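Sequences listed follow chains C and P, in order.
Residues in the first sequence are numbered from 692 upward in steps of one, following the working numbering.
Residues in the second sequence are numbered from 55 upward in steps of one, following the working numbering.
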Amino acid sequence: MSSLNASLATALSGLISEQGAMATTTNNVANANTPGYSRQVPVLVSSDPTVVDPLTFGSGVTLQSIESIRDPILESQIQQETQTNGQLNSLVSALQQTQVNFTSSTGDIGTAITNFFDSVNQLSTNPSDLSLRQDVLTAAGNLATAFNTTSNNLTAQTANIDQNVVQSVGQINTLTQQIAQLNGQISNLQNVGESAGSFIDQRTQAIDQLSNLVDVSVIPSDNTLTLTTGNGTPLVIGQTAFQLQTQPILSGLHDVYAQGTDITSSIVSGELGGQLQARDQQIPAIQTQLNTLAAGLANAVNTVQAGGFDLNGVQGTNLFNPPPVSGVGAAASLSVAITDPSLIAASSDGTPGSNGNAEALYALNSGAVVSGESPTDYYSGIVFNVGNATSNVTAEQTASNLVLQQLNDQNSAVSGVSLDEEAANLVQYQQAYSASAQVITAINDMMYAVVNMATLTG
Amino acid sequence: MRINPDPYPDILSSVEQTQQQIYTDEQQIASGQSVNVPSDNPAAAAVLVQNADQTSQADQFQRSIGSVQGEIQSADSTLNSVVESLQQAISLGVEGANGTVNAEDRQAIITQLQGIQSQLLNLANLTYQGNYVFAGTATQTVPYVLNPSSSSGVTYQGNSGTNSVTLGNHFSLQTNLPGSQLFSGSPSNVFQSIQDLINGLEGGDATIISSAVSEVSNALNYVDGQRVFYGNALNQLTSQQTYLSSETTELAQQANTAGGADLTAVITNLTASQTSLQAALEAVGQTGQIDLFSFLR
């Protein structure tokens, strides 16, 4: 049969377990605003019963473990979306900066092209006028400057993004180091059967931060996990972190290496992916278009110059220094070749009053001189491309923000601390604790009765 | 079902979005433009680049028209003076052909005609802003110089070149006629006719004088006929000016359609955004003020 002492032990197990449960609630309340914290619940199980034949008595309650409530699938979805989100954030911020160069202003390329041809049209009304010739030279200089400034701005932006690439790789290395350490702490605890909830929370948060930087695949294994980049390059295996390196390449920009292998082109998402995409694809594509425009325009103007005569009746020479044959760097290096306004070849017959060649020069304004388009049409195409790329990634970013927000909502619904819930639990645990205490008081009374009974008998 | 116990991130993100919208609306109201950066509307931004180019071109065409107009008007009025001088020469010729005119009077007429001759030379050597108007494209060369060995008394040093200036997207106008066509070419030569008249009067043969008078008369008719070119040019310039100003208006409308802000709509949006921002902020203020802990004593 059962004993009073056994009942006392049972009541005590209630006191201890409720205290433990209360501690869990207290911890939840304390961490209600801790980022990445998953609410914890006490796992109470009834202790193994004692069998006193033919009866089986319960022997109280055990606080078996304290479990963190989390949904691994949701967490994985959040990590995926965070990668996309990080990539879009870098792209949007890069392109928004890029498109400022293509916003209409007094110094933009479009305005400079228009002003150049306007000055040629004015010269055509009085081709021997030196001040009108000077106006054309000035407008040509402004046109060259507009190309130089825009191209140099894009180059400077590329260099800034390259700095960000190096910084991102540094952050990735810090995070993978942290995750490797956390892996160690978690497996140490789990190997001795202890709960590693708060370390797992920290690790999940570190993986989220890493996902924001680079594409990460998470491969869970017993008590630990492995992280690789999207193409399988290991970042963390158990307690070992594999550092990524950056090394300057020919262009002066930095490529990303993993154990000696250049993995730059395989990094497609996360902020690093977005930075690389902006640095290596988006901005160079715009530079190429600027070069095509600058080279097309300069070559066409020079060709017309050569077909006419200057104010002295001499065959025209280059107005612009010839752009590189490859076109590379044409926008950045565009410059006016002449300083003497009389060298503009406005004449088609060698007399100073002829405007035939100035008219030919003006005709370039609407001629198919840059990839089959007029200079202004080609430039407006660049403006469209830049605007469209920016607008597309911005729309994708808005959608991704929404998806991420919803996933975070869902995750928070699973793992977030609800103060109402904790308050109710607190009341419940408090009452159970009081009840167990009452039981002990009752047992105490019974013990007292038994002890007094013995005294009376003695 | 368990709901997300922490609504703050959602509310804050909605507040941020509303503030972004308010910023965009305010930007549109301040600039009057719905396209402030290319990404606001890429297609419209491209249209606006072309629109700005065409608008500037139209303004330039107006300025160029102003420039050529002056020269053409000056040429036209000079030709008018040439016609008047030739009329005077005809009257003098008719007077000189009269048999009653004595030698002394005839000499006076010859002197007057020589005056007209040099007047015509001046007119044909008209300059406008430093350029010889009737020298073809050789605008820095004096077109007519006296040359006693030439039968007409002058030599033409200009050329037969003409200039055309683009003054519209599909409009180009010839702006000059060379002196070789106006005064000293075939079918009619102003200088030759005056010289012939002077020679006739010096010879005193009435028949030759009459023939020279009709030669001058032909020259007058011819030059008068050439004035049509300048008159037409001036008319075309005027109608092109009208066309360009209506084109400018159309371009401004197109720019407004493509990139102008619909202020009524923007202000309505702004008001709505401000209301929703206020509501969101009030929600932040009220959320979480109450939970079960507040009721436990």
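Don't be surprised by glycine CBs; every beta carbon is placed ideally from N, CA and C.
Bear in mind the structure is a predicted one, so any value in this text is a computation, not a measurement.
Where residue i meets chain P, residues with beta-carbon distance less than 8 Å
i                : result
Gln790 (chain C) : Val91, Pro92 and Ser93
Gly801 (chain C) : Val103, Ala106 and Asp107
Closest residue to residue i among the options (Cα-Cα distance)
i                : options                                       : result
Val909 (chain C) : C:Asp1136, C:Glu766 and C:Leu935              : C:Glu766
Ile954 (chain C) : C:Ala989, C:Ala1037 and C:Asp906              : C:Asp906
Phe807 (chain C) : C:Pro740, C:Leu967, C:Ser1057 and C:Val742    : C:Ser1057
Ala333 (chain P) : P:Ile65, P:Ile126, P:Thr303 and P:Asn58       : P:Ile65
Ala785 (chain C) : C:Ile974, C:Tyr1120, C:Val1141 and C:Glu1112  : C:Ile974
Ser842 (chain C) : C:Ile1131, C:Ala1090, C:Val1077 and C:Gly1020 : C:Gly1020
Asn724 (chain C) : C:Thr1132, C:Ile707 and C:Ser1106             : C:Ser1106
Thr229 (chain P) : P:Gln87, P:Glu269, P:Gly124 and P:Leu251      : P:Gly124
Ser85 (chain P)  : P:Glu149, P:Asp130, P:Gly314 and P:Leu167     : P:Gly314
Asn851 (chain C) : C:Gln938, C:Ser957, C:Gly777 and C:His945     : C:His945
Val992 (chain C) : C:Ser1065, C:Leu941, C:Thr773 and C:Arg761    : C:Ser1065
Beta-carbon contacts of residue i that lie in its chain and below 6 Å, excluding the five residues immediately before and after
i                 : result
Asn833 (chain C)  : Ala803
Gly1149 (chain C) : A caution first: Gly1149 (chain C) carries a pLDDT of 48, below 50, which makes its placement in the model unreliable, though a value can still be read off. The answer is none, since no qualifying residue turns up.
Glu301 (chain P)  : Ala112
Ser1026 (chain C) : Ala835 and Asn1012
Ala312 (chain P)  : Ala98, Val101 and Leu102
Gln950 (chain C)  : none
Ile928 (chain C)  : Thr917
Chain-ordered chain C contacts of residue i [CB-CB under 9 Å]
i                : result
Leu350 (chain P) : Ala1114, Leu1117 and Val1118
Ala337 (chain P) : Within chain C, no residue comes near Ala337 (chain P); the closest Cβ sits about 16 Å away, beyond 9 Å.
Arg6 (chain P)   : Since the first residue of chain P shown is 55 and the last is 351, residue 6 (chain P) is not available in this structure.
Beta-carbon spacing of residue i, residue j below 8 Å
i                 : j                 : result
Ser206 (chain P)  : Asn243 (chain P)  : yes
Ile769 (chain C)  : Asn1092 (chain C) : no
Asp107 (chain P)  : Gly801 (chain C)  : yes
Gln122 (chain P)  : Val219 (chain P)  : For the sequence presented, residue 122 (chain P) should be read as Val rather than Gln. It is a contact, given that the beta carbons lie within the stated cut-off.
Pro818 (chain C)  : Gly1007 (chain C) : no
Thr915 (chain C)  : Asn874 (chain C)  : yes
Gln141 (chain P)  : Leu221 (chain P)  : no
Val734 (chain C)  : Ser759 (chain C)  : no
Thr1067 (chain C) : Gln104 (chain P)  : yes
Leu175 (chain P)  : Ile163 (chain P)  : no
Leu845 (chain C)  : Gln978 (chain C)  : yes
Val199 (chain P)  : Thr191 (chain P)  : no
Met1137 (chain C) : Leu695 (chain C)  : yes
Ser1039 (chain C) : Gly987 (chain C)  : no
Ser957 (chain C)  : Gly921 (chain C)  : yes
Ala985 (chain C)  : Pro1014 (chain C) : yes
Asn1116 (chain C) : Thr717 (chain C)  : no
8 Å CB neighbourhood of residue i in its chain, flanking five on each side removed
i                 : result
Ile863 (chain C)  : Leu901, Leu904, Val905, Leu926, Leu935 and Leu963
Gly705 (chain C)  : Gly751, Val752, Ala1123, Tyr1124, Ala1126, Ser1127 and Val1130
Gln114 (chain P)  : none
Ser1024 (chain C) : Asn839, Asn1012, Pro1014 and Pro1015
Chain C residues whose Cβ lies nearer than 7 Å to that of residue i
i                : result
Ala97 (chain P)  : Phe1075
Gly215 (chain P) : Asp1040, Thr1042 and Ser1045
Ser43 (chain P)  : The structure shown has nothing for residue 43 (chain P), since chain P only spans 55 to 351.
Chain-ordered chain C contacts of residue i [CB-CB under 8 Å]
i                : result
Ala192 (chain P) : Thr1042, Pro1043 and Gly1044
Asn185 (chain P) : Asn817, Ser819 and Gly1044
Residue i: contacting residues in chain P (beta-carbon distance under 9 Å)
i                 : result
Asp1111 (chain C) : Pro59, Asp345, Leu346 and Phe347
Gln1096 (chain C) : Pro63, Asp64 and Ser67
Ser1082 (chain C) : Pro92, Ser93, Asp94, Asn95 and Pro96
Ala1104 (chain C) : Met55, Arg56, Ile57, Asn58 and Pro59
Phe793 (chain C)  : Val91, Pro92, Ala99 and Val103
Thr840 (chain C)  : Chain P residues near Thr840 (chain C): none, gap ~17 Å exceeds 9 Å.
Contacting residues, own chain, Cβ-Cβ under 7 Å from residue i (five flanking each side not counted)
i                 : result
Ala1080 (chain C) : Leu786 and Gln973
Gln788 (chain C)  : Gln848
Ile344 (chain P)  : none
Ala1049 (chain C) : Val811, Leu814, Ser815, Pro818 and Ala1037
Pro1032 (chain C) : Leu821, Arg824, Gln825 and Leu828
Gly711 (chain C)  : Pro733 and Leu754
Interface partners of residue i on chain P, CB under 7 Å
i                 : result
Val1108 (chain C) : Pro59
Heavy atom of the ligand MN within 7 Å of residue i beta-carbon
i                : result
Thr917 (chain C) : This structure lacks the ligand MN; in fact it carries no ligand of any kind.
Quiz prompt | Chain-ordered residues of the stretch 304-333 of chain P with a beta carbon less than 7 Å from chain C | solution = none
Quiz prompt | Contact list for the stretch 1045-1075 of chain C against chain P, Cβ threshold 8 Å | solution = Ser1045, Asn1046, Gly1047, Glu1050, Tyr1053, Ala1054, Asn1056, Ser1057, Thr1067, Asp1068, Tyr1070, Ser1071, Gly1072, Val1074 and Phe1075
Self-check item: Contacting positions in the stretch 121-137 of chain P - beta carbon closer than 7 Å to chain C
Solution: Ser121 and Val122
Self-check item: Residues, ordered as in the chain, of the stretch 885-912 of chain C that lie near chain P by beta-carbon distance below 7 Å
Solution: none
Self-check item: chain C contacts from the stretch 140-160 of chain P (Cβ-Cβ distance under 8 Å)
Solution: none
Self-check item: Near-chain P residues of the stretch 809-823 of chain C - C-beta to any C-beta below 8 Å
Solution: Asp809, Asn812, Gln813, Ser815, Thr816, Asn817, Pro818, Ser819 and Asp820
Quiz item: When Cβ atoms are compared, which residues of the stretch 748-763 of chain C fall closer than 9 Å to chain P?
Solution: none
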